[in-house]
Amino acid sequence: MARFILRRLGLAVITLWLISVLVFCSIQLLPGNVGRSILGPLASPQAVAALNHKLGTDKPALTQYREWVTGVVKGDFGTSQKLQVPVRPQLTAALRHSFELALIAFLVVVPLSLIGGTIAALRVGTAVDRGITTAGLSLSAVPEFVTGVVLIAVLGIWLNVLPISAAWEPGAGPWTQFTHLLMPAIALSCVLFGYIARMARAGMVEALDSDYVRTAILKGLPHRTVIRRHAMRNALLPTITVIATQLGYLIGGLVVVEILFNYQGIGRLIYNAAQAHDVPMLEGGAIVVGGVYLLATLIADVLYSLLNPRIRHQAAE
Amino acid sequence: MSAIEAAAPTRSAASVQRHETLHVLARSKTFLAGATIVGFWVLCAIFQARFFQDPNALSVHQLASPSGSHWFGTDRNGRDTFARVIAGARDILEIAPAATLLGTVLGTALGLVMGYFRGIVDDVLGRLVDAVLSLPVVIVALLAIVSVGPSKQTTILVVGFVFTPLIARTVRSAVLSERELEYVSAAQLRNERAPYILFAEILPNVLQPVIVEFTVRLGYAVFTVATLSFLGFGIPPPSPDWGVQVADHYGFLSGGFAVWPVLFPSLAIASLVIGVSLLADGIAQGFDG
């Protein structure tokens, strides 16, 4: 098991390095002169050259890459060109906000989709099953900003039950903060609902068809016990670990949802950095997002193999 | 000569199978529902200019509610939302399929190479694919479009390139099982060159997953292109694109002023993506059954 984890960790490090190269290369292609875009069109060429020298953007690309990577490894993400403040505190604050939002989204979507998938599996082939499957399929196809604006129109404006922005007044209590985050969380989780419900349904259908469930029924256990103790436990554990791999997807959705609901998370930070051509911020944001995703997949892989004896033994061989 | 004789019966078997698949599709409710929705938007995109009013015509009524003269109300420049929603189908129905096609062609080629050669080629390309896939699609697209600047062509290229590794991964796993089959060893023993084996022997046999992958990706392409337009990195503004319309007006939502010019384009996007995903689901089921 330790070897399996070490191997996965090694692969994750290589992938992270490749991400850093990809991010760096695509940003090197950015048109325009960094010093010029900060100082504006009226600044003298000497001032622009001096600023470029100070920022290090006049050095060869390879040197810049080496300096950036050694900095990141030491935990130094450089200084934002736009805001003139260190990148790291900005990143950690944004990441914490995004985690709060993602956590609420997970708390909303995981129970709902597991229940939905289980109900569909128990009524397989009926109108209920088709309804849940089609609704899930449709929800997972619709972009977050579309679900978001429909939610805003219905819940925020017509029914007026939830605030339409995630930006709360300073000093708001935890409950107010939660209500502000609820609508973005729902918009974020709609896409995941279809996916997780589908996984849960497939797992349950397979479990219900298995020999151990038939044995449990034949030995006279009550139907509810068979479902809960035998079928669900086997069907849903792998589903729960697979959910962790959806974190990357969630981060992509965060960009859109955070902009729509005006929330200061990592997605919005990357978007603003991209618009302002703030290179250190953009690079830092992208590498952090890649790192978080790799960490989540790693944890999901390890959890999955721990919970699934077949894979655990394969890995040991 | 023997190759032609051997190929003849399989080709007719394939056509029988294709016929059966079409038959299954014609009876699948999922497929028909999807085809109806997508067909409606395709017709809108084609005939918009002939039958509906100019989507860019201005009027003095700004942000009007739906009425007899403006069915879906008007936007902040007094343009008719109904005309813009109909016209908005055009750009996305050009860009999304073109991007998906690009991604499918590149991804299939890459997947064939990775699955067939395995070894070091597969390892190196596989790492690269993993690296691209660990960044959310929207962020990769954002990075690329910021570097090159938004336009229709950029959006097609970027979404196509982003989809390439995803499709390559699917094709690779299909090729892995195909390459163990006898017809591949036979071709290798005949001393056929690798490109011939890849594209003339293996490709026709992995075409089914490729088609399914294409239709599934098409839904994601509509999703991604709409999202990029909403973020201001897709189709540039004078276009009546749905994502652009939503982006233009969601700021007015807070006072309840501009519910209509946001809601109708949103519903249009929702209906198109649902249509495409129903279509994809119907096709996947048609191949399975």
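Residue numbers (this note's numbering), protein chains in the order written: chain A, 1 to 317; chain B, 318 to 606. All C-beta atoms, glycine included, are put in the ideal place defined by N, C-alpha and C. Treat the numbers as computed from the prediction; the structure is a model and nothing was measured.
### Query
Which residue from A:Gly-194, A:Gln-264, A:Tyr-249, A:Val-302 puts its Cα closest to that of A:His-180?
As a position in the first sequence, residue 180 of chain A is number 180, starting the count at 1. Among A:Gly-194, A:Gln-264, A:Tyr-249, A:Val-302, the Cα nearest to that of A:His-180 belongs to A:Gln-264.
### Query
Which residue's Cα is closest to the Cα of B:Pro-526: B:Ala-352, B:Ala-491, B:Ile-552, B:Glu-499?
If you number the second sequence from 1, residue 526 of chain B lands on position 209. Ranked by Cα distance from B:Pro-526, the first of B:Ala-352, B:Ala-491, B:Ile-552, B:Glu-499 is B:Ala-491.
### Query
In chain A, which residues lie with their C-beta within 7 Å of the C-beta of B:Gly-536?
Taking the first residue of the second sequence as 1, we reach residue 536 of chain B at position 219. What B:Gly-536 touches in chain A: Ala-141.
### Message
Here's the rule: buried if 16 or more other CB atoms are within 10 angstroms of the residue's CB, otherwise exposed. What is A:Pro-89?
### Response
Against the first sequence, residue 89 of chain A aligns to sequence position 89. A:Pro-89 comes out exposed.
### Query
In or out: B:Ala-323 buried (at least 16 other Cβ within 10 Å) or exposed?
Taking the first residue of the second sequence as position 1, residue 323 of chain B is located at position 6. Residue placement at B:Ala-323 is flagged as unreliable, the pLDDT there being 47, under the threshold of 50; a coordinate-derived value is accordingly withheld.
### Query
In three-state DSSP terms, what is B:Asp-397?
Here residue 397 of chain B is taken as the residue at index 80 of the second sequence, counted from 1. Strand at B:Asp-397.
### Message
Could you check whether the Cβ of A:Leu-91 sits closer than 8 Å to any Cβ belonging to chain B?
### Response
As a working note, residue 91 of chain A is residue 91 in the first sequence. It does not: the Cβ of A:Leu-91 has no partner Cβ on chain B nearer than 8 Å.
### Query
What span of residues does the alpha helix (DSSP H) with B:Val-446 cover, start to end?
One-based indexing of the second sequence puts residue 446 of chain B at position 129. Its alpha helix (DSSP H) spans residues 436-450.
### Query
Taking Cβ positions only, does B:Ile-437 come closer than 8 Å to chain A?
Indexing the second sequence from 1 puts residue 437 of chain B at position 120. No, no contact with chain A.
### Task
Answer with yes or no whether the minimum CB distance from A:Glu-317 to chain B is below 8 Å.
Taking the first sequence and counting its residues from 1, one reaches residue 317 of chain A at position 317. Low per-residue confidence applies at A:Glu-317: pLDDT is 44, beneath 50, and the placement is therefore not dependable enough to give any value.
### Query
In angstroms, rounded to a whole number, what distance separates the CA positions of B:Ala-458 and B:Thr-487?
Taking the first residue of the second sequence as position 1, residue 458 of chain B is located at position 141. Taking the first residue of the second sequence as position 1, residue 487 of chain B is located at position 170. Using only the alpha carbons, I get a separation of about 21 Å.
### Query
In whole angstroms, what is the alpha-carbon distance linking B:Phe-540 and B:Val-590?
Here residue 540 of chain B corresponds to residue number 223 of the second sequence, with the count starting at 1. Here residue 590 of chain B corresponds to residue number 273 of the second sequence, with the count starting at 1. Approximately 7 Å, taken between the alpha carbons.
### Task
State the start and end residues of the unbroken alpha helix (DSSP H) segment that holds A:Arg-198.
Here the question's residue 198 of chain A lines up with position 198 in the first sequence. From DSSP, the alpha helix (DSSP H) with A:Arg-198 extends over 174-208.
### Query
What is the DSSP secondary structure of A:Pro-143, counted as helix, strand or coil?
The sequence position of residue 143 of chain A within the first sequence is 143, counting from 1. It is coil, neither helix nor strand.
### Query
Name the residues in the stretch 93-107 of chain A whose C-beta lies less than 9 Å from a C-beta of chain B; which are they?
none
### Query
DSSP puts A:Pro-86 in a beta bridge; with which residues?
Within the first sequence, the letter at position 86 stands for residue 86 of chain A. Paired residues: A:Thr-79.
### Query
Using a C-beta to C-beta distance shorter than 7 Å, which residues of chain A count as neighbours of B:Arg-444?
Counting from one through the second sequence, the residue named residue 444 of chain B turns up at place 127. Result: Ile-14, Thr-15, Leu-18.
#### Entry: Inter-residue spacing [alpha-carbon to alpha-carbon] between A:Phe-193 and B:Arg-344
Numbered from 1 along the first sequence, position 193 holds the residue referred to as residue 193 of chain A. Numbered from 1 along the second sequence, position 27 holds the residue referred to as residue 344 of chain B. Straight-line Cα distance between these residues: approximately 28 Å.
### Query
What does B:Thr-391 pair with, by DSSP beta-bridge criteria?
Here the question's residue 391 of chain B lines up with position 74 in the second sequence. DSSP lists B:Asp-397 as partners of B:Thr-391.
### Query
Is the distance from the Cβ of B:Gln-379 to the Cβ of B:Asp-397 below 8 Å?
Start at 1 with the first residue of the second sequence, and residue 379 of chain B comes out as number 62. Start at 1 with the first residue of the second sequence, and residue 397 of chain B comes out as number 80. No, the pair does not count as a contact, with Cβ atoms beyond the cut-off.
### Message
For the alpha helix (DSSP H) containing B:His-566, name the first residue and the last one.
### Response
Residue 566 of chain B sits at position 249 when you count from the first residue of the second sequence. Start and end: 559-566.
#### Entry: Assigned exposure category for A:Val-142 - 16 Cβ within 10 Å defines buried
Position 142 of the first sequence holds residue 142 of chain A. When all chains shown are included, A:Val-142 counts as buried.
### CA nearest to the CA of B:Val-455, picked from A:Leu-159, A:Val-13, A:Leu-254
Along the second sequence, one-based indexing puts residue 455 of chain B at 138. Taking only the C-alpha atoms, the option nearest B:Val-455 is A:Leu-254.
### Query
What's the gap between the Cα of A:Ala-274 and the Cα of A:Ser-210?
On the first sequence, residue 274 of chain A is found 274 positions in, with the first residue counted as 1. On the first sequence, residue 210 of chain A is found 210 positions in, with the first residue counted as 1. The straight-line gap from Cα to Cα measures roughly 51 Å.
### Query
Touching or not, the stretch 111-124 of chain A and the stretch 194-213 of chain A, by the rule of three or more beta carbon pairs under 8 Å?
They touch, by the three-pair rule.
### Query
Near B:Ala-587, which residues of its chain fall below 7 Å by C-beta distance, leaving aside the five closest residues on each side in sequence?
As a first step, residue 587 of chain B must be located in the second sequence, where it is residue number 270. Nothing listed; no residue qualifies.
### Task
May I have the straight-line CA-CA distance separating B:Gly-477 from B:Leu-545, to the nearest angstrom?
As a working mapping, residue 477 of chain B is identified with position 160 in the second sequence. As a working mapping, residue 545 of chain B is identified with position 228 in the second sequence. C-alpha separation (whole angstroms): 14 Å.
### Message
Please list the terminal residues of the continuous alpha helix (DSSP H) segment that includes B:Thr-471.
### Response
For the purposes of this step, residue 471 of chain B is identified with residue 154 of the second sequence, where counting begins at 1. 469-495 is the span of the alpha helix (DSSP H), which, as asked, contains B:Thr-471.
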